[in-house]
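Peer 1: Quick one: the structure is below, questions incoming.
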Amino acid sequence: DFYAIVFCKTKYTADTITASLIEKGYDAQALHGDIQQKQRERILKLFKNKKINILVATDVAARGIDVDNVSHVINYSLPQDPESYVHRVGRTGRAGNTGTAITFVSPQEYKGMMYVQRITNTEIKKAEIPEIDEIISTRKAKLKKTLDFITQGEGYKKFMPIAQELVESSDPVEVISALLKIHYQDVFDKEQYQRINKVNIDTTGKTRLFIALGRKDGFSPRSLVEHIQKETNVKQNLIDDVKVLEDFSFITVPFVDAEVIIKIFEKKRASGQRSLVSKAKDDRNSSRRGRSGRKNNDRNPRSRDRNSRKR
């Protein structure tokens, strides 16, 4: 059975998603900062007792919720940080049970998702949103399965007299079509589905990185690669074209891993200091540059200022 928590970033999104789900016939309730405590307790009680099977919540509002047997966690929007992601998906698959976590990611968020994957050291499988025909076909199959299940019991038989009257007074196909319209609204109407344009994300591109560590810091190409792997969990075989100079170094990595490395070292930097890693501009004349990034034959800007004042 589908018993899920849907996470989103804002109160507005939570309300919008909930309204859309209710309109489509799902039992859903929103939980966010604008919900009063008494109403919050009522909603949580309904969810724990499975009177509603979908809870749409913001991260803040979901704190302290302790519910077992959640089958799905849906990240409608990507969480702000890896810790929040772990906290969200940890609400399913508890106590030896299985669970599914699904995260919707836009092309702009893809790098962020890969960063979360690297930091949490988990495998997140990429899946495509199904085509409209596939969605409708699945819904039809589910309807047929539901009808087969109902007709195996006895409860439906009390409706047979009225069903007989309806099919005798009208065309049976028209009767069934009208009943489907009442119950399913526009679920089987292709025009009601917004087509999602698929975007191919380039995961093969490479990025050149500048590392403010070099031979003076005791690094060789091998030890630098090992250091980066230890700090970021980026596999060593993804780091190539390593150039270690006296004061700094350069490496080349897939663009997704570049974002991971930059973000991790940014978090590790001491207060007031620049990050040790950034995207490289050009390393062709790198042997002539000092730690500050200026060429060694550049004049000291302070000396230049003093000379200009003497004139």
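First residue of the sequence shown: 2, per this note's numbering; consecutive thereafter.
Yeah, the Cβ is synthetic: ideal placement off N, Cα and C, and Gly gets one too.
Every value quoted in this text rests on a predicted model; they were computed, and no experiment measured them.
1) Is the region 46-62 close to the region 28-38, with three or more CB pairs under 8 Å?
2) Hey, how far is the Cα of S293 from the Cα of K126?
3) Return the CA-CA distance between N162 and V188, expressed in angstroms with no decimal places.
4) What's the C-alpha gap between F3 and V174?
5) On the DSSP bridge assignment, give the partners of H73 in chain order.
6) Out of N98, V245, S178, which has the shortest C-alpha to C-alpha gap to R223?
7) Counting C-beta neighbours from all protein chains within 10 Å, is the total for D64 16 or more, i.e. buried, or is it exposed?
8) Give a yes or no on whether the C-beta atoms belonging to R89 and P80 are separated by under 8 Å.
9) Roughly how many angstroms separate the alpha carbons of G219 and S250, rounded to a whole number?
10) Going by C-alpha to C-alpha distance, which of L225, V168, Q37 sits closest to R216?
11) Please classify R140: does DSSP put it in a helix, a strand, or coil?
12) For the 8 Å Cβ check, are there 3 or more pairs between the region 151-162 and the region 118-132?
13) Tell me the residue span of the beta strand (DSSP E) that contains D16.
14) To the nearest angstrom, report how far apart A20 and F105 are at their CA atoms.
15) Just reading off the beta strand (DSSP E) that K253 is part of, what are its end residues?
16) Excluding the 5 residues preceding and the 5 following S279 in the sequence, name in chain order all residues of the same chain whose CB lies nearer than 6 Å to its CB.
17) Using a Cβ-Cβ cut-off of 7 Å (strictly less than) and excluding sequence neighbours within five positions of V87, which residues of its own chain qualify?
18) If you follow the beta strand (DSSP E) that D242 is in, where does it begin and where does it stop?
19) Can you confirm whether T139, when its beta carbon is compared against all beta carbons of chain D, has any partner nearer than 8 Å?
20) Within 10 angstroms of the Cβ of T99, are there 16 or more other Cβ atoms? Answer buried if so, exposed if not.
21) Measuring straight from C-alpha to C-alpha, what distance separates G291 and I252?
22) Go ahead and pull the three-state DSSP assignment for A164.
23) With burial defined as no fewer than 16 other Cβ atoms inside 10 Å of the residue's Cβ, what is the status of R270: buried or exposed?
24) Assign D264 to buried or exposed, taking buried as 16 or more other Cβ atoms, counted over all protein chains shown, within 10 Å of its Cβ.
25) On the premise that A96 lies in contact with R209, defined as a C-beta separation below 8 Å, what is that separation, rounded to the nearest angstrom?
Peer 2: By the coordinates alone:
1) yes
2) To locate residue 293, count along the sequence shown from 1; it is residue 292. To locate residue 126, count along the sequence shown from 1; it is residue 125. Because the pLDDT at S293 is just 41, under 50, the model does not fix this residue reliably, and the point stays unresolved.
3) Taking the first residue of the sequence shown as 1, we reach residue 162 at position 161. Taking the first residue of the sequence shown as 1, we reach residue 188 at position 187. In the sequence as presented, Asn is not what sits at residue 162; that position holds Pro. When rounded, the distance between both Cα atoms is 28 Å.
4) Taking the first residue of the sequence shown as position 1, residue 3 is located at position 2. Taking the first residue of the sequence shown as position 1, residue 174 is located at position 173. Computed Cα separation, rounded: 31 Å.
5) Here residue 73 corresponds to residue number 72 of the sequence shown, with the count starting at 1. DSSP output for H73 lists A5, T101 as bridge partner(s).
6) The sequence position of residue 223 within the sequence shown is 222, counting from 1. Here the closest residue by C-alpha is V245.
7) Here the question's residue 64 lines up with position 63 in the sequence shown. Before going on, a small fix: residue 64 reads as Arg here, not Asp. That one is exposed.
8) Here residue 89 refers to the residue found at position 88 when the sequence shown is read from its first residue. Here residue 80 refers to the residue found at position 79 when the sequence shown is read from its first residue. Yes, these two residues count as a Cβ contact at 8 Å.
9) Counted from its first residue, the sequence shown places residue 219 at position 218. Counted from its first residue, the sequence shown places residue 250 at position 249. Roughly 12 Å separates the two Cα atoms.
10) Within the sequence shown, the letter at position 215 stands for residue 216. Closest by alpha carbon: L225.
11) To locate residue 140, count along the sequence shown from 1; it is residue 139. If DSSP states are grouped into helix, strand and coil, R140 belongs with the helices.
12) no
13) Numbered from 1 along the sequence shown, position 15 holds the residue referred to as residue 16. Here D16 belongs to no beta strand (DSSP E); instead the alpha helix (DSSP H) covers 12-24.
14) Taking the first residue of the sequence shown as position 1, residue 20 is located at position 19. Taking the first residue of the sequence shown as position 1, residue 105 is located at position 104. Going by the C-alpha atoms only, they are around 19 Å apart.
15) Reading the sequence shown from its first residue, position 252 is the one you call residue 253. Checking the sequence, you will find Thr at residue 253 rather than Lys. Per DSSP, T253 belongs to the beta strand (DSSP E) from 250-255.
16) By 1-based counting over the sequence shown, the position of residue 279 is 278. Once the five neighbours on either side are set aside, the close Cβ partners of S279 are F211.
17) Here the question's residue 87 lines up with position 86 in the sequence shown. Closer than 7 Å at Cβ, skipping near neighbours: T121.
18) On the sequence shown, position 241 is the one that residue 242 refers to. D242 -> beta strand (DSSP E) spans 241-245.
19) In the structure shown, chain D cannot be found, because there is only a single protein chain.
20) Stepping through the sequence shown from its first residue, residue 99 is reached at position 98. T99 is exposed by the Cβ-count criterion.
21) Indexing the sequence shown from 1 puts residue 291 at position 290. Indexing the sequence shown from 1 puts residue 252 at position 251. Residue confidence for G291 is low, a pLDDT of 45 falling below 50, so the modelled location carries little weight and cannot support an answer.
22) If you number the sequence shown from 1, residue 164 lands on position 163. In the structure shown, A164 sits in a helix (DSSP, three-state: H, G or I).
23) Indexing the sequence shown from 1 puts residue 270 at position 269. Looking at its Cβ environment, which holds fewer than 16 other Cβ atoms inside 10 Å, R270 is exposed.
24) Along the sequence shown, one-based indexing puts residue 264 at 263. It is worth fixing the name first, because residue 264 is Lys in this sequence and not Asp. With 16 or more Cβ atoms within 10 Å of its Cβ, K264 is classed as buried.
25) Within the sequence shown, residue 209 is the residue found at index 208, counting from 1. Within the sequence shown, residue 96 is the residue found at index 95, counting from 1. With 8 Å as the limit, R209 and A96 do not qualify as a contact, their Cβ atoms being about 47 Å apart.
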